[in-house]
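In terms of my numbering, the sequence shown is residues 16 to 365.
Everything below concerns the one structure shown next.
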Amino acid sequence: MYKTKAYSAASATSPLASDTIARRAPTEQDVQIEILFCGICHSDLHSVRDEWGGTVYPIVPGHEIVGRVTQVGSAVTKYKPGDLAAIGCMVDSDHTCPRCKAGFEQFCQNVIYTYNSPDQYKTAPVTYGGYSDSIVADERFVLRVPDNLELAGVAPLLCAGITTYSPLRHWGVTEGKKVGVVGLGGLGHMGVKFAHAFGAHVVVFTTSPEKTEDALRLGADEVVVSRNADEMQRHAGSFDFILDTVSANHDINAYLNLLCPDGNITLVGAPEKPLDVAAFSLIMGRRSLSGSNIGGIPETQEMLDFCGKHNITADVEVISIQKVNEAYDRLLKSDVKYRFVIDMASLKSQ
Ligand code: NAP
Ligand code: ZN
Numbered sequence: 016m017y018k019t020k021a022y023s024a025a026s027a028t029s030p031l032a033s034d035t036i037a038r039r040a041p042t043e044q045d046v047q048i049e050i051l052f053c054g055i056c057h058s059d060l061h062s063v064r065d066e067w068g069g070t071v072y073p074i075v076p077g078h079e080i081v082g083r084v085t086q087v088g089s090a091v092t093k094y095k096p097g098d099l100a101a102i103g104c105m106v107d108s109d110h111t112c113p114r115c116k117a118g119f120e121q122f123c124q125n126v127i128y129t130y131n132s133p134d135q136y137k138t139a140p141v142t143y144g145g146y147s148d149s150i151v152a153d154e155r156f157v158l159r160v161p162d163n164l165e166l167a168g169v170a171p172l173l174c175a176g177i178t179t180y181s182p183l184r185h186w187g188v189t190e191g192k193k194v195g196v197v198g199l200g201g202l203g204h205m206g207v208k209f210a211h212a213f214g215a216h217v218v219v220f221t222t223s224p225e226k227t228e229d230a231l232r233l234g235a236d237e238v239v240v241s242r243n244a245d246e247m248q249r250h251a252g253s254f255d256f257i258l259d260t261v262s263a264n265h266d267i268n269a270y271l272n273l274l275c276p277d278g279n280i281t282l283v284g285a286p287e288k289p290l291d292v293a294a295f296s297l298i299m300g301r302r303s304l305s306g307s308n309i310g311g312i313p314e315t316q317e318m319l320d321f322c323g324k325h326n327i328t329a330d331v332e333v334i335s336i337q338k339v340n341e342a343y344d345r346l347l348k349s350d351v352k353y354r355f356v357i358d359m360a361s362l363k364s365q
């Protein structure tokens, strides 16, 4: 075991503050990574404030991690000290169930998330995430980072990237499809970039009219201000697929009614309270509503390689870790363009 610097929250109402945590010494299949950048996901905020229930304190959030390998165990084959490497939302799973074998570790009953999951190594009660100096994980959950991309913009790919890439791929978003992205935040702006890269006609739905120009720059073909009922009505019954990334309660029926027959809306946003679904919104047009949880490790690597090939990164605002509580407040006001990323050098100098 060794000690490393981190930022943690002591309760649902405490701000994040400087702390020291324990990490296990790398075992033979482990990779130790010095964290250079960590993105701030809205899930970090939901978890810190215990909006989904089940948060164990202290919590060290952060699951959009990029850095450099500092040490590897004797059985590690894919990484060596000095390599760039990344970790997303998961650090382990049981490796034996059909879901793991199919590369869907995110659906494994025994998945271990990067933070707030039971720590099987008993280094701490739960796993601790990326708002820290370093992390240790099984090499099977470590991702290769394309070396042509700007690192701060790569970090958000590990959650916002894969969480939008995976459902867009699963639901067959390609050229000729009309695709909506609801909410232009961290996830939403990546959804727009990917849907555009896949060749779809992309429509952004936003509550923030001032984001219109950015949405078009990011790859949207059209922008709809969702509070304007007339603008919404113009698109009734016309979408093949809609990706809903909204973090707070909203009227899902307004979007279901925009789907064409057999169209699908997939929720990736995870508001605190249940959404009301009107049966008729689904019945009329055999529409479907589904959800999607991040993506498996093979697909995460595929997404990173796709980003390397197509030069795709997140649009980021890099902050020091000392500004993290301010960043949370701004995230709640949808005031982020379009992902906060912590420069971990600021933690070293603390
Ligand atoms: P974010 O950056 O805060 O973006 C959320 C966006 O939703 C905002 O920018 C805003 O976009 C819109 N929005 C916020 N409040 C709204 C309201 N009251 N009504 C309508 N629209 C509203 O958050 P994020 O990091 O992208 O995460 C989004 C959600 O996805 C969170 O709930 C997060 O926990 C969840 N998530 C799920 C997964 C998964 O695997 N399924 C993975 C990661 C995150 P506009 O300003 O454009 O309206
Ligand atoms: Zn996330």
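All residues carry an ideal CB built from backbone N, CA and C; glycine is no exception.
Along the chain, where does the alpha helix (DSSP H) containing F321 start, and where does it finish?
312 to 325 is the extent of the alpha helix (DSSP H) around F321.
When you compare each of L273, S262, S29, V81 to W67 by their alpha carbons, which one comes out closest?
Ranking L273, S262, S29, V81 by Cα distance to W67 puts S262 first.
Along the beta strand (DSSP E) that carries G82, what are the first and last residues, could you check?
First-last of the beta strand (DSSP E) with G82: 80 to 87.
Residues around ligand 2, please: the condition is that the C-beta lies closer than 5 Å to some non-hydrogen atom of it.
In chain order, the qualifying residues are C56, S58, C174.
What separation, rounded to the nearest whole angstrom, lies between the Cα atoms of K338 and Y72?
One C-alpha to the other measures close to 21 Å.
Any beta-carbon of chain D closer than 8 Å to the one on L347?
Here chain D cannot be found, since the structure has a single protein chain.
Taking I150 as the reference, give the member of F355, N326, T19 with the closest Cα.
Considering only alpha carbons, the answer is T19.
List, from N- to C-terminal side, the alpha helix (DSSP H) runs of 4 residues or more that fit wholly inside the region 66 to 138.
Counting only runs of 4 or more, we get 113 to 116.
Would I312 and G118 qualify as a contact pair, given that the criterion is a beta-carbon distance under 8 Å?
Result yes, Cβ atoms of I312 and G118 sit closer than 8 Å.
For Q121, count neighbouring Cβ atoms within 10 angstroms of its own Cβ and tell me buried if that reaches 16, exposed if not.
With 16 or more Cβ atoms within 10 Å of its Cβ, Q121 is classed as buried.
Could you pull the DSSP bridge partners for V196 from this structure?
V196 is bridged to V219, L258.
Could you pull the DSSP bridge partners for A24 from this structure?
Its beta-bridge partners are I74.
Only counting runs of 3 or more residues, tell me where the beta strand (DSSP E) segments fall wholly within the region 335 to 361, in order along the chain.
Those beta strand (DSSP E) runs which fall completely within the region 335 to 361 and span 3+ residues are 354 to 358.
Verify the contact flag: V194, CB atom, against every heavy atom of ligand 1, threshold strictly below 7 Å.
No, the beta carbon of V194 sits no closer than 7 Å to any heavy atom of ligand 1.
Buried or exposed, going by whether 16 or more other CB atoms sit within 10 Å of the CB of I267?
Buried, by the Cβ-count rule.
By the DSSP assignment, the alpha helix (DSSP H) with N268 in it spans what residues?
Element bounds for N268: 268 to 271.
Cutting at 8 Å between CB atoms, please list the residues of its own chain near V141, excluding the five before and the five after it.
If we look at V141 and ignore the five residues flanking it on each side, its Cβ neighbours are V71, I74, Y130, N131, S132, P133, D134.
Can you find a heavy atom of ligand 1 that lies under 7 Å from the Cβ of K338?
K338: no, Cβ never under 7 Å from ligand 1.
Examine the Cβ distances between the region 236 to 249 and the region 297 to 304 and report whether three or more of them are shorter than 8 Å.
Result no; under three Cβ-Cβ pairs closer than 8 Å.
Relative to ligand 3, is the shortest distance from any of its heavy atoms to the C-beta of V351 smaller than 7 Å?
Only ligand 1 and ligand 2 can be found as ligands here, which leaves ligand 3 out of the picture.
Please confirm whether any heavy atom of ligand 1 lies closer than 7 Å to the CB of S89.
It does not: the Cβ of S89 is nowhere closer than 7 Å to a heavy atom of ligand 1.
So what does Y17 bridge to, in DSSP terms?
Answer by DSSP bridge pairing, in chain order: R38.
Closest to G191 by C-alpha separation, out of V351, S23, P182, A212, would be which residue?
The option with the nearest alpha carbon to G191 is A212.
So the alpha helix (DSSP H) P276 belongs to, where does it begin and stop?
It is not in any alpha helix (DSSP H) - P276 instead sits in the beta strand (DSSP E) that spans 274 to 282.
Below 8 Å, how does it come out for the region 75 to 88 and the region 42 to 61: are there three or more Cβ pairs, yes or no?
Contact holds: three or more Cβ-Cβ distances are below 8 Å.
Hey, out of T328, L31, F321, whose CA is closest to G144's CA?
With distances taken between Cα atoms, G144 lies closest to L31.
Quick one: give me the first and last residue of the alpha helix (DSSP H) that F52 is part of.
It is not in any alpha helix (DSSP H) - F52 instead sits in the beta strand (DSSP E) that spans 45 to 54.
For M16, count the other beta carbons within 10 Å of its own beta carbon; 16 or more makes it buried, fewer makes it exposed. Which is it?
M16 is exposed by the Cβ-count criterion.
Can you pull the DSSP bridge partners for D236?
According to DSSP, D236 bridges with nothing at all.
Which same chain residues, not among the five before or five after V331, have their C-beta less than 6 Å away from its C-beta?
Within the same chain, V331 has close Cβ partners A167, G168, R354, V356.
What is the DSSP secondary structure of R159, counted as helix, strand or coil?
DSSP places R159 in strand when its eight states are reduced to three.
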